[in-house]
Amino acid sequence: MSFFTEIVGAGPSKNCDILGIAMFDSCEIRLHPTGAGIARVGTKSQGQGHETTWAQIIATEIGIPADDIMVEEGNTDTRALRLGTYGSRSTPGGGPPRSPWRRARSRPRRKMIAAYKLEVHEDDLEWDIDGFRVKGLPEKTMSMKDICWAAYNSVPPGMEPGLEAVSYYDPPNMTYPFGAYICVMNIDVDTGVYRSGASMRSTIAAPASTR
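Going by this note's numbering, the sequence shown opens with residue 57, and the numbers climb by one from there.
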């Protein structure tokens, strides 16, 4: 049996850089009046399925269907130059889990719009999967699709139109997946002749689908 611990994730920037370029990443999300959206990120899929994974994560965060989210990766013409995909860094360093929508830059804005349209105080609202609802009045809701439309066509007084956010994320540490190799052999106790049996590798806490 052989055990291992890896150091992956490629961060934080105070410890990691490439030719002086700090290793952090960014995410930009912009929602359209129709309720669809686009996410621009610094990673680049190499077959891991980032487009699907990122869309599903964003959908969970902001309450619009994953099919309505277009993911644009690695396009330095439209996104700030970042450092791509390698070293199991995509999820911990570059993925939308660290997006501006989770880090509370846009939720107050969405909440303000919903409160204005529902004619209640912001403290009277709570998030519910795909929009906001009034506490104690579950039938009084406003979906994210309606919030997107209102963000461009019926914003509260003094608020600029639009619904978008940009965030940069510098991970505080590396990630440390671990696992084990197990090799099984069959040995004849009389002759000492051996033959290889099964071998197995198990890796824990390193999601291969998003490396």
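C-beta atoms are modelled at their ideal positions from N, C-alpha and C, and glycine is treated no differently.
When Cβ pairs closer than 8 Å are counted between the two stretches, the region 117 to 133 is seen not to touch the region 230 to 240, the count staying below three.
Contact between residue 129 and residue 99 holds, since their C-beta atoms are separated by about 6 Å, short of 8 Å. Out of 166, 124, 77, 84, the CA that lies nearest to the CA of residue 206 is found in 166. Taking a cut-off of 8 Å on C-beta distances, the region 204 to 219 does not touch the region 175 to 192, as fewer than three cross pairs fall below it. A Cβ-Cβ contact shorter than 8 Å links residue 230 with residue 63. Counted as a single uninterrupted DSSP element, the beta strand (DSSP E) harbouring residue 236 occupies residues 234 to 243. When rounded, the separation of the alpha-carbon atoms in residue 139 and residue 74 is 8 Å. Taking C-alpha positions only, residue 141 is separated from residue 171 by approximately 40 Å.
Look at the region 121 to 151 and you find these whole runs of beta strand (DSSP E), each 3 residues long or longer: 125 to 129. In the DSSP assignment, residue 197 falls within the beta strand (DSSP E) that extends over 193 to 199.
Ranked by how close their Cα comes to the Cα of residue 65, the residues 59, 202, 218, 79 have 79 in first place. Put simply, the backbone Cα of residue 196 is about 17 Å away from that of residue 204. Nearest C-alpha to residue 96 among 89, 84, 133, 103: 84.
Residue pairing by DSSP places residue 188 opposite 183, 198 in a beta bridge. Across the set 199, 81, 115, 102, the C-alpha of 115 shows the shortest separation from the C-alpha of residue 93. In the three-state reduction of the DSSP assignment, residue 221 falls in the strand class. Under DSSP, the beta-bridge partners assigned to residue 73 are 78.
In the three-state scheme derived from DSSP, where H, G and I count as helix and E and B as strand, residue 95 is classed as strand. Taking C-beta atoms as the reference points, residue 67 and residue 233 fail to come closer than 8 Å. Per DSSP, reduced to three states, the secondary structure at residue 231 is strand.
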